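Notes for the one structure printed next.
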Amino acid sequence: MIRTLSYDDRRLRNISGDPLISTIIESAARLCGFGLIYDFWGVFPGRFSRHPQGFILRKGSAMWATAIDPEAAPEMVNFIRFHQSGWVELDPLLASFWGTPGEELFVMQYPPERDIPLLPVTVREGTPTAVADCNLGAGGILPRQYEVSVVNLHLAERRRVGCSVTHWEEETAVSAAAVCDSGSRYGEISYVATLPDYEGRGFGRAMVYRAAEALREREKIPLIACEPHRLSFYEELGFETIGKSYLMVEEPSV
2 MIRTLSYDDR
12 RLRNISGDPL
22 ISTIIESAAR
32 LCGFGLIYDF
42 WGVFPGRFSR
52 HPQGFILRKG
62 SAMWATAIDP
72 EAAPEMVNFI
82 RFHQSGWVEL
92 DPLLASFWGT
102 PGEELFVMQY
112 PPERDIPLLP
122 VTVREGTPTA
132 VADCNLGAGG
142 ILPRQYEVSV
152 VNLHLAERRR
162 VGCSVTHWEE
172 ETAVSAAAVC
182 DSGSRYGEIS
192 YVATLPDYEG
202 RGFGRAMVYR
212 AAEALREREK
222 IPLIACEPHR
232 LSFYEELGFE
242 TIGKSYLMVE
252 EPSV
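Letter 133 of the sequence shown, counting from 1, is numbered 134 in our numbering, and no numbers are missing.
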């Protein structure tokens, strides 16, 4: 049985499902309260059960879902298909029930026992608009996504559940990254981008390390999701693959 949850439901804390998607759901719950519209659902074995078998999050046309109990997977997939209006990110268990392949995302962590190198790059914190500017200039986001990105980054900092870091050359932000530390164990690094004219100079590496350091300071394990073509970049930085998630980017045929 799938039931609606409010963003302040205690069950949206310390989720034991897939590390990346669980962290995204926990972060969304902590970002609510500023007019943001999220939908949260919990999956339960019966009407009166309080022990969730999985969780689903929707924001706009995007959905994320993680199953805790394999028995809940078929019902969750049917529910997601019915409510889907855009892309969906699923954990491997749910993806296996989807029926059509999705785009792989490698879920990687920076190992807790590994030191984080300190690189000689000037880092400026608390610059969410500059992070969005850099991602727009690097093609990481589309113009229509720009305003949403700025709002999300500002809200994360206002709610003290995230931070942004940038490297500047004169008055231009040329490399950036952001973190959200709302997960119970992990924090996610995102919005990593370097302007094309400044690539190959180590700025992106420095931003990732500074973001990882910020999460370590909050006693979180740094986590990142990357496409296959960026896997080697993060492996060279010391990240290790701990799993995968799958993007279902096309409307499924029901």
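Positions of the beta carbon are idealized from the N, C-alpha and C atoms, including for glycine.
In this text the structure is predicted, and so the values were computed from the model without any measurement.
- In the DSSP assignment, G163 falls within the beta strand (DSSP E) that extends over 163-170.
- Considering only E236, L137, P20, G47, the residue with the shortest C-alpha distance to S246 is P20.
- Contact between A212 and A178 is confirmed by a C-beta separation of about 4 Å, below the 8 Å threshold.
- Distances from the CA of P223 to each of V89, L13, T242, S233 were compared; the closest alpha carbon is that of T242.
- Listed in chain order, the non-local C-beta contacts of V132 below 7 Å within the same chain comprise L154, S165, T167, A177, A179, Y192, local neighbours out to five positions each way being set aside.
- Pairing I117 with I81 gives a Cβ-Cβ distance that is not under 8 Å.
- By the criterion of at least three beta-carbon pairs nearer than 8 Å, the stretch 80-100 is in contact with the stretch 63-72.
- Between the C-alpha atoms of T173 and T195 there is a straight-line separation of about 11 Å.
- Sequence-distant partners of P53 (beyond 5 residues in either direction) whose C-beta falls short of 7 Å from its own C-beta, in its chain, are R12, G43, V44, F45, I69.
- With contacts defined as CB atoms closer than 8 Å, M77 and F240 fail to qualify as a contacting pair.
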